[in-house]
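Residue numbers (the working numbering), protein chains in the order written: chain A, 1 to 597; chain B, 1 to 171. Beta carbons are placed, not taken as given, at the ideal position from N, Cα and C, and that holds for glycine. All values reported here derive from a predicted model rather than from experimental measurement.
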Amino acid sequence: MEMYRSHVMICKGTGCNSAGSERIAQNFEAELKKHGLENEVVVERTGCFGLCALGPIVIIYPEASFYSQVKPEDVEEIVKEHLLKGRVVKRLLYAETVAEDKIKSINEVDFYKKQVRVALRNCGVINPENIDEYIAFDGYKAIEKVLTTMTPAEVIDVVKRSGLRGRGGGGFPTGLKWEFASKSVNDKKYVLCNADEGDPGAFMDRSVLEGDPHAIIEAMTIAAYAIGADQGYVYCRAEYPIAVKRLTIAINQAREYGLLGDNILGTGFKFDMEVRLGAGAFVCGEETALIASIEGERGMPRPRPPFPAVKGLFGKPTILNNVETYANIPQIFLNGPEWFASMGTEKSKGTKVFALGGKINNTGLVEIPMGTTMREVIFEIGGGIPNGKKYKAAQTGGPSGGCIPAEHLDVEIDYDNLIALGSMMGSGGLIVMDEDNCMVDIARYFLDFTVDESCGKCTPCREGTKRMLEILDKITEGKGEKGDIEMLETLAHTIKNASLCGLGQTAPNPVLSTLTYFRDEYEAHIKDKKCPAGVCQGLAKYFVIEEKCKGCGICAKQCPVSCISGKPKTPYVIDSAKCVKCGVCLEKCPFKAIVKQ
Amino acid sequence: MNCCCEANSKPFDKLDPVFDKYKNKPGSLISVLQEAQELYGYLSMETLEYIAKNIGVEASKVHGVATFYTQFRLKPVGKYLIMLCKGTACHVNGANLIEEAICEELSIREGETTEDKLFTLNNVACLGCCSLSPVMMINGETFGKLTSAKTKEILRELKERQSSDQEVDTL
Ligand SMILES: Cc1cc2nc3c(=O)[nH]c(=O)nc-3n(C[C@H](O)[C@H](O)[C@H](O)COP(=O)(O)O)c2cc1C
Ligand code: FES
């Protein structure tokens, strides 16, 4: 590789890219050329740095100056001042890195201090479209070690000893899964990667694929060696064009370097892989549905057993792991399973990536050791709630999960603790809600999602979730009745017990969890016909402001249900019991004397 | 005159290389449909039937797969495809109000296309830029930190751009 005196790293993850980082990269290239610096300073387009809230982000090495919220027109100044004259442009630095007398290293600021980057270690560090950079950071060393010095049984033993559990949500021990598949005897086996990332509001897997695609290729090759497979597929969401593009480039580069193909590293081991695009169905994240989808069928789950390890893709033994699970694998072989197992809690080892979103200051991507508390993640790393609002709950596990209320903020994050609270780890979406969010509305939101995504094969999920949604609709529209909560609970338990796949079995969780912690909000909707957070439209009330009302009577004439009464020239009154909330009065009042609350 | 009857007699020519590409690959129906949609913008009944005939799969199965996955569109889309994020982060930051604004401005609902064939509204889950929520994407360009007013402004600008384009066309 060429040597440069400075490296300008520009985040091209989806967040920063959407905020215009390509323009910034192009401006850098143009400005550098203008000043004749193009052979001294290199511009690198990298994966996500994590702190998406402050994007677009530019980091300049060797000083590691962290510029945030950079605009295309700032580039000229950065090039002239920083790269030409060696003076850091303080005004554009991430404020947290600027202390009174010095500039702090990025690892000292709250957002990064408690993070440990294993799965994300190369994201934002290397150019993902250049295999040499991955190799320079110990890339493909693990596969070399595995293929030249270890037997498949030893490989499985290392993964088992590391304690790694599936990061796709279920938390199944990865080594055990590999062992099952290795014991199935067959002439053909498959290794699959689940990059379908269905949780709406989560983007961990996409960031890994965008920032470090070679790590996934290397890990899948290791898995293939362990179980004796020669073909792999990455099943990736079609909505992730950048990830697909980078992964495809990476696969081609790996083939050119002899790291995929018929004779990997000259050892005679054979493995190749391709990318398959998902077509937008949440249920295809479920393993048997995903397999059906790769086979070109409708993505409907089937009962298990037989498990995919015995009978999977095209009827052959198959393993399926999540992107983040794979991203940990090369590191486990490089640093040893003991190193990995030294992080985390008793039953959950290593780290977990979370996508922080919603009402939180530092939205973005964080990776923390298992056992870090929710409070640390939200208030230290995440920087707390914006606009001085009060924390209400955090939702993990997406449509299959639940919420963590304020009284449980000190829970240490691991698989078992979150399940004990009625939520789950999920794939890593973590959405924070404040006092302005209505928990009934959130439950309704997730149910609406699952009703839409239910594949329709089994009745409890197809019909049951629909009935639950109808009740929630009623409640949020202010038509809730006594007995609704109990009906929700009965339905929830039936659906959980009787559904065919994980989608139905977990679909009622958001409702059950909000009922556990925020039952009072449900009751306020049903009994008092009030939405305490003021979110639910149907519960909005229309009022006449007496001081502003001139008594013209236009509202009363316009009201389709005649619920407004009064005498001319005196303030009118709306009878909220009769009001259908059409909003006509508000629109027609010439004095803006009617308000919605 | 710009006659297109010749092109029309073999409207699916463009698909032949796609069939060749996937000929010996098992389970490639979804990939074929994806490429067909890429080529034609949507999958008409005729396209589906043509695909069924050429890859030797029953038409009912092709139709079943095409209707199962939300990615496949069986109706043509407008010039501007609005993908409104309804992911969780966008939801808690008020994506519903943005949807209302779009519906009001364009008089369409989710899944529909405006009469002038200019806009189609599709709701999607998480576009991956939750830090910018609420977010929408129009023909690949992302618009973040939306408010009702900002959304309407963006749509109006696109409409204006369109009418000035048309003026240029007729000149
Ligand atoms: C409805 C449903 C959706 C799922 N979605 C995903 C997903 O988007 N990504 C994922 O990795 N796993 C998802 N899973 C879990 C997978 O079925 C599977 O357990 C996982 O990919 C296995 O990999 P792991 O052991 O490495 O976690 C989903 C499961 C269900 C039931
Ligand atoms: S939830 Fe809308 S971009 Fe993620």
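{"Item": "heavy atom of ligand 2 below 8 Å from PRO134/B C-beta", "Value": "yes"}
{"Item": "Cutoff 9 Å: THR516/A Cβ touching any chain B Cβ", "Value": "no"}
{"Item": "CB of SER18/A within 9 Å of CB of GLY144/B, strictly", "Value": "yes"}
{"Item": "Cβ-based burial, ALA142/A [other Cβ within 10 Å; buried from 16]", "Value": "buried"}
{"Item": "Closest Cα partner of LYS392/A within the set CYS536/A, GLY47/A, ASP434/A", "Value": "ASP434/A"}
{"Item": "Collapsed DSSP secondary structure at MET1/B in the structure displayed", "Value": "With a pLDDT of 42 at MET1/B, under the threshold of 50, the modelled position of that residue is not reliable, and the figure given next carries that caveat. Looking at MET1/B - three-state DSSP - the assignment turns out to be coil, as it is neither helix nor strand."}
{"Item": "Whether GLU239/A touches GLY13/A by CB criterion (9 Å)", "Value": "no"}
{"Item": "For HIS82/A and GLY198/A, the rounded distance between their alpha carbons", "Value": "42 Å"}
{"Item": "CB contact check: CYS130/B to chain A, cutoff 9 Å", "Value": "yes"}
{"Item": "CYS276/A, DSSP secondary structure in three states", "Value": "Note that residue 276/A is Arg in the sequence shown here, rather than Cys. Correct three-state label for ARG276/A: strand."}
{"Item": "Partner residues on chain A for TYR69/B, Cβ-Cβ distance less than 7 Å", "Value": "ALA279, GLY280, ALA281"}
{"Item": "Cutoff 9 Å: GLN162/B Cβ touching any chain A Cβ", "Value": "no"}
{"Item": "Assigned secondary structure, ASN93/B (DSSP; H/G/I helix, E/B strand, else coil)", "Value": "coil"}
{"Item": "Contacts of GLU295/A in chain B (Cβ-Cβ under 8 Å)", "Value": "PRO26, GLY27"}
{"Item": "GLU58/B - DSSP class collapsed to helix/strand/coil", "Value": "coil"}
{"Item": "Sequence-distant residues of the same chain with beta carbon closer than 7 Å to CYS563/A, five excluded per side", "Value": "ILE574, ASP575, LYS578, CYS579"}
{"Item": "Neighbourhood of CYS3/B by C-beta, 6 Å cutoff - its chain only, sequence neighbours within 5 removed", "Value": "With a pLDDT of 45 at CYS3/B, under the threshold of 50, the modelled position of this residue cannot be trusted, and the question is left open."}
{"Item": "Contact set between PHE314/A and chain B, taken where Cβ atoms lie within less than 9 Å", "Value": "PRO26, GLY27"}
{"Item": "Chain-ordered neighbours of MET273/A on chain B, where CB pairs are closer than 8 Å", "Value": "Chain B residues near MET273/A: none, gap ~14 Å exceeds 8 Å."}
{"Item": "Proximity test, HIS91/B beta-carbon vs ligand 2 heavy atom, cut-off 8 Å", "Value": "yes"}
{"Item": "C-alpha distance - LEU84/A paired with CYS536/A, whole-angstrom precision", "Value": "56 Å"}
{"Item": "THR142/B at chain A interface by Cβ criterion, 9 Å", "Value": "yes"}
{"Item": "Members of the region 1–21 of chain A near chain B, C-beta cut-off 7 Å", "Value": "THR14, GLY15, SER18, ALA19"}
{"Item": "Start and end residues, beta strand (DSSP E) containing GLN395/A", "Value": "391–396"}
{"Item": "Selected residue, minimal CA-CA separation from GLU346/A, among GLY163/A, ALA195/A, GLY296/A", "Value": "GLY163/A"}
{"Item": "ARG255/A beta carbon near ligand 1 (any heavy atom closer than 8 Å)", "Value": "no"}
{"Item": "Nearest-angstrom Cα separation, counted from GLY464/A out to ILE404/A", "Value": "25 Å"}
{"Item": "Presumed contact (8 Å Cβ cut-off) between GLY429/A and ALA202/A, rounded CB distance", "Value": "3 Å"}
{"Item": "At least 3 beta-carbon pairs within less than 8 Å: the region 118–126 of chain B vs the region 467–478 of chain A", "Value": "no"}
{"Item": "Completely contained alpha helix (DSSP H) runs for the region 198–244 of chain A, where each covers 4 or more residues", "Value": "204–211, 213–227"}
{"Item": "SER163/B (DSSP reduced to helix, strand or coil)", "Value": "helix"}
{"Item": "THR67/B: CB within 8 Å of a non-hydrogen atom of ligand 2", "Value": "no"}
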